Every structure is written in C-alpha cells, then in structure tokens.
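According to this note's numbering, the stretch in the sequence shown is residues 59 to 227, in order.
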Amino acid sequence: MQTIYLCTKDTWHMSKKQPDDLPNKFGATSRLYSDASIFMHEAIARKAGLSATDHKYLGFLVQHGSMTAGELAKYTGLTTGTVTGLIDRFEKKKFVSREFDKTDRRKVIIVPNIPVIMKELGGIFNEIETKMTALFNSFNKKELALIENYMQSAIKIMQEITHKLNNPI
C-alpha cells in the first residue's frame with residue numbers, strides 16, 4: 059500500500075487506501091488533480107465574489123472573447139435564461155459589458171472587460187503561471203509530449219460525455 063494525500067476543502071489528509079496497481083494509482087491521482095483544481099478555482103472565485111462555476115465561465119469568455127449570449131449558451135450547454143443571469147452577475151461586477159452588434163442592433167455582444175478582470179484576478183494567475191512554468195520546465199520534451207497526449211485524450215472523453223449529457227436522444 060502507498061500513502062497518498064487526500065484534499066478536503068482546506069486541508070490534506072493521508073490515506074492508506076491507495077491500491078498498489080499503476081492504473082488505479084493513476085486514476086486516483088487524476089481524481090486528486092481534478093479535486094485540487096476545483097478547490098483552487100473555488101478559492102479564486104470566492105476572492106472575486108463569484109461562484110466557482112461563474113469563475114470558470116468568466117475564464118471561458120476571456121479565453122474565447124466577445125460573443126452573444128446565445129453563443130455562450132451553445133458552447134456551455136447552459137440555457138439562455140441561465141446565461142442571462144450569469145451575464146447580469148458579471149455586469150454588476152463590471153467584468154463584462156453588453157454592446158449592440160454594429161451590423162445587427164438586435165444582437166447584443168457580451169464583451170469581457172479584461173482590465174477589470176486582470177485587476178481583480180491577475181496577481182493570482184501570474185503566480186500560477188510562474189509556478190506551472192517551473193513545473194513544465196522540470197520535464198523533458200518526451201515527457202511533456204506524453205503528458206499532453208494523455209490530457210488531450212482525457213479532454214476528448216470528457217467532451218464526448220458532456221455532449222452526450224447535454225444532448226440526450
């Protein structure tokens with residue numbers, strides 16, 4: 059038996075329940091990685107006065123740029139009503155603005171306010187980027203390629219399951 063560390067919301071606990079075989083160890087480590095990511099993003103979100111879910115959707119807007127509420131609903135699988143509430147919460151914090159489309163004034167474009175978002179969250183993400191860069195630099199190119207292959211394959215599986223859940227037959 060291996061000793062592993064399990065993360066609860068604020069503390070790490072040792073457990074002897076870890077199986078000895080590599081596939082199960084890898085699966086357990088993947089779950090720990092996912093949990094640690096969720097807990098970190100929850101803490102970041104609380105700092106910004108958001109829920110973890112809202113924080114991730116804000117990150118999606120920052121990454122993909124301006125879009126209509128309908129496009130955001132389509133990409134995320136959220137209902138248009140849920141997206142409207144999400145945008146209202148972001149707008150209240152000045153994280154986004156609503157702007158009319160220049161070619162079709164019936165369309166409203168949701169525009170992320172990058173300066174405000176970076177003022178609120180930039181320091182945290184700079185720290186994460188610095189630490190992750192140091193971690194990446196600790197691996198050689200072959201190791202990074204293997205890790206990237208695993209992550210891309212896992213992403214495809216999660217996207218397929220998400221699509222299936224969001225689009226039942």
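In this text, a Cβ means the ideal position worked out from N, Cα and C, and glycines have one as well. Everything numeric in this text was worked out from a predicted model, so none of it was measured.
Looking at the structure shown, is residue i part of a helix, part of a strand, or coil, going by DSSP?
{"i": "R156", "result": "strand"}
{"i": "T61", "result": "Annotation note: pLDDT 48 at T61 (below 50); position unreliable, coordinate value reported separately. Looking at T61 - three-state DSSP - the assignment turns out to be strand."}
{"i": "T188", "result": "helix"}
{"i": "T137", "result": "coil"}
{"i": "T126", "result": "strand"}
{"i": "T142", "result": "helix"}
{"i": "I102", "result": "helix"}
{"i": "I227", "result": "coil"}
{"i": "G180", "result": "helix"}
{"i": "N195", "result": "coil"}
Can you tell me where the beta strand (DSSP E) with residue i in it begins and where it stops?
{"i": "I168", "result": "V166 to P170"}
Who are the Cβ neighbours of residue i in its own chain at under 8 Å, not counting the five residues just before and after it?
{"i": "F194", "result": "L202"}
{"i": "T191", "result": "none"}
{"i": "T134", "result": "Y115, F118 and V141"}
Are residue i and residue j close, meaning C-beta to C-beta below 8 Å?
{"i": "P173", "j": "S124", "result": "no"}
{"i": "I168", "j": "R156", "result": "yes"}
{"i": "V166", "j": "F153", "result": "no"}
Excluding five sequence neighbours on each side, which residues of the same chain lie with their C-beta closer than 7 Å to the C-beta of residue i?
{"i": "H113", "result": "H99, I102, A103 and A106"}
Can you confirm whether the stretch 140 to 148 touches the stretch 95 to 102 when touching is taken to mean that 3 or more C-beta pairs between the two stretches lie within less than 8 Å? Too few Cβ pairs lie closer than 8 Å, so no.
Tell me whether the stretch 178 to 197 and the stretch 124 to 133 touch, counting them as touching only if at least three CB pairs, one residue from each stretch, are closer than 8 Å. Contact between the stretch 178 to 197 and the stretch 124 to 133 is absent, because fewer than three Cβ pairs lie under 8 Å.
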